[in-house]
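Participant: 52 is the number of the first residue of the sequence shown in the working numbering; add one for each residue after it.
Quick reminder that beta carbons are idealized off the backbone N, C-alpha and C, glycines included.
Could you have a look at this structure, given as structure tokens, before my questions?
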Amino acid sequence: MPGPSGSGNGRRGRALRAKERRMPRKARIRRRTTETDVSVELELDGAGSYRITTGLPFFDHMLAQLAKHGLFNLALRAKGDLEVDAHHTMEDVGLALGEAFAQALGNRARIRRYGQAVVPMDDALGWVAVDLSGRPYLAYRADGLTGKIGEFDSVLLKEFFRAFATALKANLHIGIPYGENTHHMAEAVFKAAGRALDAAASLDLRVKGIPSTKGKL
Ligand SMILES: [Mn+2]
């Protein structure tokens, strides 16, 4: 039963939903180099479904958190030169995924632009603040997350997020103030990233055009 006004209800809400149906916010990216081959299909207004294969099971598990908790639909496949090491694959997945978000956002009209989330996972806390500003920057404060998580080298997470922020043209701040278990520390941050990106990318009926006094993001 639609209400007379308010978020998502009423005539304006129906008009916006109709517009969304005509123009679903989605992207398809294929990024191929001599080192990696990455394909991404992304729907911003999804349900958190995912199909992810990077050859790095822990990274797959992290990207699944981002999709699930950001309510994005994400299909991602990467074939990288893992015999060298995971660096190229992590970086190129970051670039391709950032590019997919950028493409799906279009001109960034009517989005909330900012998003933030603080997510606990047992002993660990992760926080993410994002501004879909059109300007790339990563601030990464996770000194406590070092070493291996199983077979996975945790320093590569910073490379992923740097590449992601660069391709998305977003100001991305990430922190892990504390934690005992490195798996939990990384997972808290990916869940927070999903929630913060969802908030920033979501549409706000009150926003007219581009949410910047510059008129461009
Ligand atoms: Mn886990």
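Under 7 Å between the Cβ atoms of Met236 and Ile225?
Facilitator: Result no, Cβ atoms of Met236 and Ile225 do not sit closer than 7 Å.
Participant: Comparing alpha-carbon positions, which option in Leu125, Ala118, Leu156, Asp88 lies nearest Leu133?
Facilitator: Ranking Leu125, Ala118, Leu156, Asp88 by Cα distance to Leu133 puts Asp88 first.
Participant: Nearest-angstrom Cα distance between Thr104 and Thr140?
Facilitator: The straight-line gap from Cα to Cα measures roughly 11 Å.
Participant: Tell me the residue span of the alpha helix (DSSP H) that contains Thr104.
Facilitator: Looking at the DSSP string, Thr104 is not in any alpha helix (DSSP H); the run it does join, the beta strand (DSSP E), is 101-104.
Participant: Quick one: what does DSSP say Asp111 is sitting in, helix, strand or coil?
Facilitator: Helix.
Participant: Quick one: using the 10 Å Cβ neighbour count with 16 as the cut-off for buried, is Gly266 buried or exposed?
Facilitator: By the 10 Å Cβ count, Gly266 comes out exposed.
Participant: Find the nearest neighbour of Ala326 within the set Glu142, Thr85, Ser90, judged by alpha-carbon distance.
Facilitator: The shown model of the chain, from 52 to 268, leaves out residue 326, and the question about it has no answer.
Participant: Ligand 1 and Glu238: does any heavy atom of the ligand fall closer than 6 Å to the residue's C-beta?
Facilitator: Yes, the Cβ of Glu238 comes within 6 Å of a heavy atom of ligand 1.
Participant: Which parts of the region 178-237 are runs of the alpha helix (DSSP H), unbroken and 4 residues or longer, counting only runs that do not cross its ends?
Facilitator: If we require 4 residues or more, the alpha helix (DSSP H) runs fully inside the region 178-237 come out as 207-219.
Participant: Roughly how many angstroms lie between the CA atoms of Ala170 and Asn232, to the nearest whole one?
Facilitator: Correcting the residue type first, residue 170 is Val in the shown sequence and not Ala. So the two alpha carbons sit approximately 15 Å from each other.
Participant: Give me whichever residues DSSP pairs with Pro171 in a beta bridge.
Facilitator: According to DSSP, Pro171 bridges with Leu176.
Participant: For Phe152 and Ile80, what's the separation of their Cα atoms in angstroms?
Facilitator: About 10 Å.
Participant: Using a threshold of 7 Å, state whether the C-beta atoms of Leu122 and Ala218 are closer than that.
Facilitator: No, Cβ-Cβ distance for Leu122 and Ala218 is not below 7 Å.
Participant: Using only alpha-carbon positions, find the residue among Tyr188, Lys209, Leu268 that is nearest to Thr197.
Facilitator: Considering only alpha carbons, the answer is Lys209.
Participant: Whole angstroms are fine: how far does the CA of Thr264 sit from the CA of Ile200?
Facilitator: Taking the straight line joining both Cα atoms gives about 43 Å.
Participant: In whole angstroms, what is the alpha-carbon distance linking Gly57 and Gly260?
Facilitator: Note on Gly57: pLDDT 44, under 50, position unreliable in the model; the coordinate value appears next. Between Gly57 and Gly260, the C-alpha separation is close to 19 Å.
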